[in-house]
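To start, the structure itself, in structure tokens.
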Amino acid sequence: MSLFNVFNISGSAMSAQAQRLNTVASNLANADSATSANGTPYKSKQVVFSAMPSKSPDVSGVKVTKVVEDNSAPRMIYDPKHPLANDKGYVSMPNVNVTEEMVNMISASRAYQNNVETMNATKTMLMKTLTIGQG
Amino acid sequence: MINKLDAALSFHQNALRVRGQRQELIAANIANADTPNYKARDLDFSSAMKSAMAGVANKEAFNTNKTSDKHLDGIPSSIGGGAMFRPIVQGSVDGNTVDMDVERNQFADNAIRYEASIIMINGQLKKMLAAIQGQ
Numbered sequence: 184m185s186l187f188n189v190f191n192i193s194g195s196a197m198s199a200q201a202q203r204l205n206t207v208a209s210n211l212a213n214a215d216s217a218t219s220a221n222g223t224p225y226k227s228k229q230v231v232f233s234a235m236p237s238k239s240p241d242v243s244g245v246k247v248t249k250v251v252e253d254n255s256a257p258r259m260i261y262d263p264k265h266p267l268a269n270d271k272g273y274v275s276m277p278n279v280n281v282t283e284e285m286v287n288m289i290s291a292s293r294a295y296q297n298n299v300e301t302m303n304a305t306k307t308m309l310m311k312t313l314t315i316g317q318g
Numbered sequence: 022m023i024n025k026l027d028a029a030l031s032f033h034q035n036a037l038r039v040r041g042q043r044q045e046l047i048a049a050n051i052a053n054a055d056t057p058n059y060k061a062r063d064l065d066f067s068s069a070m071k072s073a074m075a076g077v078a079n080k081e082a083f084n085t086n087k088t089s090d091k092h093l094d095g096i097p098s099s100i101g102g103g104a105m106f107r108p109i110v111q112g113s114v115d116g117n118t119v120d121m122d123v124e125r126n127q128f129a130d131n132a133i134r135y136e137a138s139i140i141m142i143n144g145q146l147k148k149m150l151a152a153i154q155g156q
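Going down the list, the sequences are from chains A and B.
Residue 184 is where the first sequence starts when you use the working numbering, and the numbers rise one by one after that.
Residue 22 is where the second sequence starts when you use the working numbering, and the numbers rise one by one after that.
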């Protein structure tokens, strides 16, 4: 029954978008973490989506293949009194672009909502199918 | 006798199968709205419907091993191979061709038509019952 597969597909997309939302939360929370476990400033993280084949031909779900770190240069802030400041008085701060993350957050949340609606519509269709011959 | 009852319902039965598969494809498109290089797919409904109807008429469509002549023929569970790529309206930088407006439209349209087929089947069943009961 092909319609049941929609739950798998939309479900995979929802968990992928939720993971994306998680990395956004992590990036925003650590936007000012000048140091991390390995002593360097926190690096912005991004998820990589890829299509995942499903039971039916031509139909694919979504999975997160990897989480990549943004290796661009850290933001330099002039603050000579900061304990982590270098000899010129600059502190390296995380390379998190807050505006970009906010856009990412809205996009992930809308995509999640879309998949919830897809699932609900399909559920209604299946429930209607169950009523065949009853009315 | 059973054949005739079956044949009366077979058109809408096939319509439901094709609609169900199309719903699955569109759900996959919505799920992969943020997957880089994903290409949106859809069925050509009229040709998929034709091949589904032909599959029922053509006994070779689904080759099962039968140990008796009296065994029934199977129906292939998916229409298979009919999915085509959508034309690109506005391409995006990551190579994704999902246009959410188109997909949402088609999803709603397909769901309504699916329910229409269910209503038709219910009507046919009612007519059959009326004929059987003679009331």
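Yeah, the Cβ is synthetic: ideal placement off N, Cα and C, and Gly gets one too.
The model shown is predicted, which means the values in this text are computed figures rather than measured ones.
- When the Cα atoms are used, A291(A) and T282(A) turn out to be separated by approximately 14 Å.
- Beta-carbon to beta-carbon, G272(A) and A196(A) are separated by about 47 Å, too far to satisfy the 8 Å threshold.
- Under a 10 Å Cβ-count criterion, G103(B) is classified as buried, with 16 or more other Cβ atoms of the shown protein chains found around its own Cβ.
- Of the residues assessed, Y225(A) falls on the buried side of the cut-off, its CB having 16 or more other CB atoms within 10 angstroms.
- For Q229(A), the enclosing beta strand (DSSP E) has its first and last residue at K228 to P236.
- Taking a C-beta distance under 9 Å as the contact criterion, M308(A) and A132(B) qualify as a contact pair.
- T305(A) and V189(A) have their C-alpha atoms some 7 Å from each other.
- The C-alpha of N297(A) lies about 7 Å from the C-alpha of I51(B).
- Around the CB of M235(A), 16 or more other CB atoms lie within 10 Å, so the residue is classed as buried.
- The beta carbon of I142(B) sits closer than 7 Å to the beta carbons of L30 and H33 from its chain, once the five residues preceding and following it are set aside; these are given in chain order.
- Between A49(B) and V242(A) the beta-carbon gap is near 5 Å, inside 8 Å, which marks them as a contact.
- At least one CB of chain B lies nearer than 9 Å to the CB of T314(A).
- Excluding its 5 nearest sequence neighbours in each direction, V39(B) has C-beta neighbours in its own chain below 8 Å: L64, F66, A69, M70, A73 and I100, listed in chain order.
- Under the Cβ criterion of 9 Å, V245(A) is counted among the residues facing chain B.
- The three-state reading of DSSP puts A104(B) in strand, counting E and B together.
- In this structure, the CA atom of H265(A) is about 48 Å from the CA atom of V119(B).
- For a cut-off of 8 Å, the C-beta gap from S275(A) to P257(A) is around 4 Å, short enough to register as a contact.
- The beta-carbon of S292(A) is placed no less than 9 Å from the nearest beta-carbon of chain B.
- By alpha-carbon distance to Q42(B), the top candidate from S237(A), V247(A), M285(A) and D253(A) is S237(A).
- In this chain, the beta strand (DSSP E) harbouring K249(A) covers S243 to E252.
- At least 9 Å separates the CB of N269(A) from every CB of chain B.
- Around the beta carbon of N86(B), fewer than 16 other beta carbons lie within 10 angstroms, which makes this residue exposed.
- Per the coordinates, the alpha-carbon of S239(A) lies some 34 Å from the alpha-carbon of A208(A).
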